[in-house]
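Have a look at the structure below before the remarks.
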Amino acid sequence: MRELLSGVKNPKQGVADNVNFPSMPVEVSDMDFDQFVNKYPLVVVDFWAEWCAPCRFMTPVIKELAAEMAGKVVFGKLNVDYNPRTAAKYGIMSIPTFMVFKDGKPVDALVGAMPKQRLKALIMQYVS
Numbered sequence: 039m040r041e042l043l044s045g046v047k048n049p050k051q052g053v054a055d056n057v058n059f060p061s062m063p064v065e066v067s068d069m070d071f072d073q074f075v076n077k078y079p080l081v082v083v084d085f086w087a088e089w090c091a092p093c094r095f096m097t098p099v100i101k102e103l104a105a106e107m108a109g110k111v112v113f114g115k116l117n118v119d120y121n122p123r124t125a126a127k128y129g130i131m132s133i134p135t136f137m138v139f140k141d142g143k144p145v146d147a148l149v150g151a152m153p154k155q156r157l158k159a160l161i162m163q164y165v166s
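With positions in the sequence shown counted from 1, the corresponding number in the working numbering is that position plus 38.
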């Protein structure tokens with residue numbers, strides 16, 4: 039009996055314990071956006087476009103934060119040119135916009151290129 043129960047997860051463990059947190063930003067689209075932000079407890083989405091110089095400036099920052107904060111936060115990237123429905127749904131008017139989702143709901147956002155520490159400070163407010 040113990041052998042059978044050893045494979046059963048403790049029901050008191052959080053959802054995050056059963057979810058694999060990527061350590062790199064995940065490309066998301068209109069098709070999978072809702073599923074993505076609901077899959078993880080804390081998600082930061084980078085709304086961007088290829089032609090946007092500040093967006094390109096922030097790409098290595100997002101990659102660094104994704105690696106540093108793996109296990110706590112998942113980062114997504116949504117190209118607004120290819121995914122206008124999601125960008126419109128969240129009122130994205132300027133890029134880059136970094137929107138924080140907690141339990142699938144938007145809770146905060148920052149617009150524009152910024153130092154890594156500023157973005158990290160915003161995100162850390164929501165890390166449990």
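Glycine included, every Cβ here is placed at the ideal spot set by N, Cα and C.
In this structure, residue 108 lies near residue 61, with their beta-carbon atoms less than 8 Å apart. With contacts defined by Cβ atoms closer than 8 Å, residue 80 and residue 140 form a contacting pair. Scanning 67, 65, 82 and 68 for the CA closest to the CA of residue 143 turns up 82. Its chain contains 87 as the residues whose beta carbon lies nearer than 6 Å to that of residue 119, once the 5 sequence neighbours on both sides are disregarded; these appear in chain order. Exposed is the label assigned to residue 127, since fewer than 16 other Cβ atoms lie within 10 Å of its Cβ. By the 16-neighbour rule on beta-carbons within 10 angstroms, residue 145 is exposed.
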